[in-house]
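Structure, as structure tokens:
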Amino acid sequence: MRRLLFFCLGIALVATASGVVVLVHKYDGAGRSAGKGTKHSPAVTPRCRAGEVDLDSRRVSLVAFVRTRATVYGRPGGARLTTLPRLSRSFVATSRRGVPTVLTALSEVRASDCRALWYRVRLYGKPGVSGAQEGYVRASAVALAEVRTRVLVDLSSRQLTLYRDGAPVLDATVAVGAPSTPTPRGRFLVRERIRITDSGSAYGAAAIALSAFSEKLIYWPQGGPVAIHGTNDPGSIGKAASHGCVRVGASDLKSLFARVQIGTPVEIVE
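Here it is as structure tokens:
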């Protein structure tokens with residue numbers, strides 16, 4: 362089932378392949394979402410600080426879905442770095458045309474009347490290929506969504522923690538990359554949620570594809586993308602045994618998959 366973006370009345374519904382729907386708000390440039398019920402409200406002169414304002418926090422993150430395509434610049438109105446399509450390639454072989462391209466919005470550049478002009482976003486790519494780690498996109502090129510979940514993976518303790526609104530809601534022991542194929546460290550996001558029907562799959566019942574890529578397996582299909590997924594080898598949980606992905610036990614995977622959202626920030630540390 363394809364994912365679709367429906368834009369109406371300033372709100373977008375992002376329907377995922379697993380049936381999860383993400384509510385995407387259209388922001389007014391001052392940190393407020395433009396929703397219903399404002400038609401008869403008295404006029405209020407907007408007050409905000411013009412310039413660049415940070416958006417990311419430990420409780421709530423904002424992610425940017427590319428509308429049609431988005432040109433990324435080194436600075437607002439500066440040199441072009443790259444152009445991002447509306448759809449990106451799926452983590453798995455599929456008949457779908459792709460999955461929505463999603464980025465973490467780090468800051469917002471506002472005009473004096475509170476209009477959002479630009480968003481500073483975190484870029485992702487294969488090791489040694491992407492070059493720039495951040496860039497700016499025009500506000501008109503993306504739609505923002507609130508994400509209240511966050512994942513922390515500690516490679517040393519082999520623990521995964523899921524947070525919601527800044528509070529931990531799930532702790533799980535995981536398997537991480539073997540010494541020869543380590544799990545990459547850094548800040549990433551969830552770009553795709555995939556249910557798996559093959560009961561004997563090496564990925565278990567589901568996979569949560571990340572924007573991360575293996576530092577070693579760059580010649581694998583798609584450059585060695587990394588995911589959080591289940592396993593048909595439960596004895597590997599708690600060990601450094603994977604090709605770079607994060608393996609989760611069946612019961613923990615079920616809880617994690619039910620709660621994690623597209624665009625969820627994932628930080629992998631050691």
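If you read the sequence shown in the numbering used here, its first letter stands for residue 362, the second for the next number, and so on. By construction, the Cβ of each residue, glycine as well, lies at the ideal position given by its N, Cα and C atoms.
Select from the options the residue whose C-alpha is nearest the C-alpha of residue i.
| i | options | result |
| --- | --- | --- |
| residue 423 | 577, 510, 614 | 510 |
| residue 430 | 452, 439, 461 | 461 |
| residue 433 | 418, 531, 502, 412 | 502 |
| residue 428 | 467, 618, 504, 603 | 504 |
| residue 506 | 438, 465, 593 | 465 |
| residue 620 | 529, 445, 415 | 529 |
| residue 533 | 545, 540, 515 | 515 |
| residue 535 | 481, 602, 494, 480 | 602 |
| residue 518 | 417, 599, 418 | 599 |
| residue 439 | 479, 446, 426 | 479 |
| residue 589 | 555, 443, 497 | 555 |
Across which residues does DSSP place residue i in a beta bridge pair?
| i | result |
| --- | --- |
| residue 426 | 463, 504 |
| residue 590 | 568, 608 |
| residue 415 | 468 |
| residue 603 | 538 |
| residue 574 | 586 |
| residue 619 | According to DSSP, residue 619 bridges with nothing at all. |
| residue 532 | 522 |
| residue 511 | 524 |
| residue 596 | Residue 596 is not bridged to any residue. |
| residue 495 | 483 |
| residue 625 | According to DSSP, residue 625 bridges with nothing at all. |
| residue 630 | 515 |
| residue 449 | 460 |
| residue 431 | 445 |
Who are the Cβ neighbours of residue i in its own chain at under 6 Å, not counting the five residues just before and after it?
| i | result |
| --- | --- |
| residue 513 | 522, 628 |
| residue 508 | 422, 424, 622, 624, 625 |
| residue 543 | none |
| residue 615 | none |
| residue 397 | Below a pLDDT of 50, predicted positions are generally treated as unreliable, and residue 397, at 38, falls in that range; the measurement from the model is reported next regardless. No residues qualify anywhere along the chain. |
| residue 524 | 511 |
| residue 573 | 545, 549, 587 |
| residue 618 | 567 |
| residue 420 | 526, 527 |
| residue 417 | 467 |
Provide the residue span of the beta strand (DSSP E) that contains residue i, from first to last.
| i | result |
| --- | --- |
| residue 633 | This structure cannot speak to residue 633, because the chain is shown only from 362 to 631. |
| residue 446 | 441 to 446 |
| residue 477 | 477 to 483 |
| residue 521 | 520 to 525 |
| residue 641 | This structure cannot settle anything about residue 641, because the visible part of the chain is limited to 362 through 631. |
| residue 543 | Segment: none, residue 543 is in no beta strand (DSSP E) and carries neither H nor E. |
Residues in the same chain with beta-carbon distance under 8 Å from residue i, minus the five sequence neighbours each way, listed in chain order, please.
| i | result |
| --- | --- |
| residue 591 | 557, 562, 564, 565, 566, 567, 568, 608, 609, 610, 611, 614 |
| residue 448 | 458, 459, 460, 461, 462 |
| residue 577 | 541, 542, 543, 585, 605 |
| residue 539 | 601, 602, 603, 604 |
| residue 491 | In this prediction, residue 491 has a pLDDT of 47, which is less than 50 and means its spatial position is unreliable; what the coordinates show is noted afterwards. So the list reads 484, 485, once near-sequence residues are dropped. |
| residue 437 | 470, 478, 479, 497 |
| residue 593 | 561, 562, 563, 565 |
| residue 547 | 573, 628, 629 |
| residue 495 | 467, 481, 482, 483, 484 |
| residue 446 | 427, 430, 459, 462 |
Cβ of residue i less than 8 Å from any chain D Cβ?
| i | result |
| --- | --- |
| residue 598 | Given the protein chain composition of this structure (a single chain), no chain D is represented. |
Once you ignore the five residues that flank residue i on each side, which residues in its own chain have a CB closer than 7 Å to its CB?
| i | result |
| --- | --- |
| residue 411 | 471, 472, 473 |
| residue 414 | 468, 469, 471 |
| residue 553 | 451, 452, 460, 570 |
| residue 537 | 516, 519, 544, 601, 603, 607 |
Quick one: is the Cβ of residue i within less than 7 Å of any heavy atom of the ligand NAP?
| i | result |
| --- | --- |
| residue 550 | Within the structure as shown, the ligand NAP is missing, as the structure has no ligands at all. |
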